[in-house]
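Chemist:
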Amino acid sequence: MEWKWCLVDGNTNNLLTGWKEVEGKWYYLNPNGTMLIGWLKWKNKCYYLNSNGVMSCDCVQTIDDKEYKFDSSGALIESLVSDACIDFIKSWEGFSATPYYDEVGVLTLGYGMTGEEIEGIIEITEEQATSMLKDWINNKYAPVIKSDLDSKGITLKQNEFDALVSFAYNCGTGGLLNSTLYRRISERIRDNSLVTNFQAWSNGGGRRIEGLYRRRTKEAAMFLNSDYTGNV
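Once you know that position 63 of the sequence shown is 100 in the numbering used here, the rest is easy, because the numbers rise by one and skip nothing.
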């Protein structure tokens with residue numbers, strides 16, 4: 038006989054279902070009252086219930102040899118890019134706690150953040166800037182690229198995708214998707230001729246900017262050789 042863990046309402050004797058908190062720990066009970074273990078998708082978010090039924094939260098956990106991150110509510114923190122990609126972008130963008138104008142006159146804050154979202158922000162911490170960068174990358178840049186690749190039936194390796202995300206964060210998703218570089222990648226070209234296509238996007242204000250040239254070269258190295266060496 039196999040025993041199943043469940044909870045019963047003390048007033049009605051009915052089985053409890055759904056999310057339940059017991060001594061500060063969260064469990065999810067199936068419609069038949071039994072405790073769920075494993076993955077749960079609820080309201081478009083993913084949660085993990087361990088073998089004892091307790092929900093993972095505010096932690097990094099290895100599940101089936103893969104590392105996952107969960108926020109304080111227990112929701113899986115999904116990222117389309119690697120942590121190495123975020124670190125790469127940070128190394129090139131540099132951090133500024135206060136707004137400044139970049140080489141071509143664009144108001145910038147944190148790790149290269151521009152646009153209406155930063156208007157009115159006087160100061161930001163490094164931790165806040167990193168959080169904003171990850172949010173922007175995973176919501177404004179990476180999904181646009183992935184959607185277009187999916188529409189073309191193209192699957193990239195993680196390093197290849199990361200390189201395009203770094204490029205797009207610096208040059209815009211429109212710039213990437215309409216570039217010769219992206220067209221050739223979509224044609225399944227994967228040789229060193231792509232380096233020149235990356236480097237073609239090294240200008241700002243009508244002139245070549247050495248920092249951009251170096252970044253494009255490093256992005257090409259990431260794409261072709263999985264080399265995540267940043268601005269060192």
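Glycine included, C-beta positions come from ideal geometry on N, C-alpha and C.
If I measure Cβ to Cβ from D108 and keep anything under 6 angstroms in the same chain, skipping five residues before and after, which residues do I get?
Modeler: I114.
Chemist: Among T266, T135, R244, E256, which has the Cα closest to the Cα of V141?
Modeler: Checking every option, the nearest Cα to that of V141 belongs to R244.
Chemist: Could you pull out every unbroken alpha helix (DSSP H) segment of at least 4 residues lying fully inside the segment 158 to 194, listed in chain order?
Modeler: Qualifying alpha helix (DSSP H) stretches, in chain order: 163 to 173, 179 to 188.
Chemist: Looking only at its own chain, which residues have a Cβ that is under 7 angstroms from the Cβ of K194, when we skip the five neighbours before and after it?
Modeler: Cβ neighbours of K194 beyond the five flanking positions: none.
Chemist: Determine the burial state of L86: buried for a count of at least 16 other Cβ atoms within 10 Å of its Cβ, exposed for fewer.
Modeler: So L86 ends up on the buried side.
Chemist: Work out the CA separation of N81 and E156 for me, nearest whole Å.
Modeler: Each residue's Cα considered, the two are about 31 angstroms apart.
Chemist: Pick out whichever of V202, S188, Q236 has its Cα sitting closest to the Cα of D124.
Modeler: Residue V202 is the option with its Cα nearest to D124.
Chemist: At what residues does the alpha helix (DSSP H) containing T217 begin and finish?
Modeler: First-last of the alpha helix (DSSP H) with T217: 217 to 223.
Chemist: Given K189, which residues of its chain have a CB within under 6 angstroms of its CB, disregarding the five upstream and five downstream residues?
Modeler: Cβ within range, chain order: S223.
Chemist: Since Y206 contacts Y178 with CB under 8 angstroms, what's their CB separation in whole angstroms?
Modeler: Confirmed, Cβ separation roughly 6 angstroms.
Chemist: What do you reckon, are the CB atoms on G267 and S128 nearer than 7 angstroms?
Modeler: For G267 and S128, yes; Cβs fall inside 7 angstroms.
Chemist: Does DSSP put Y206 in a helix, in a strand, or in coil?
Modeler: Three-state result, Y206: helix.
Chemist: List the endpoints of the continuous beta strand (DSSP E) containing L86.
Modeler: Counting along the chain, the beta strand (DSSP E) containing L86 begins and ends at 82 to 86.
Chemist: Which whole-angstrom value describes the C-beta separation of Y65 and L73, a residue pair presumed to lie in contact below a C-beta threshold of 8 angstroms?
Modeler: The pair is a contact, with the Cβ atoms about 4 angstroms apart (cut-off 8 angstroms).
Chemist: Between the alpha carbons of L44 and Y219, how many angstroms are there, rounded?
Modeler: Looking at the two C-alpha atoms, the distance is approximately 55 angstroms.
Chemist: On a CA-only basis, which of D95, G55, T71, K62 is nearest K78? Give me that one, please.
Modeler: Cα-wise, what sits closest to K78 is G55.
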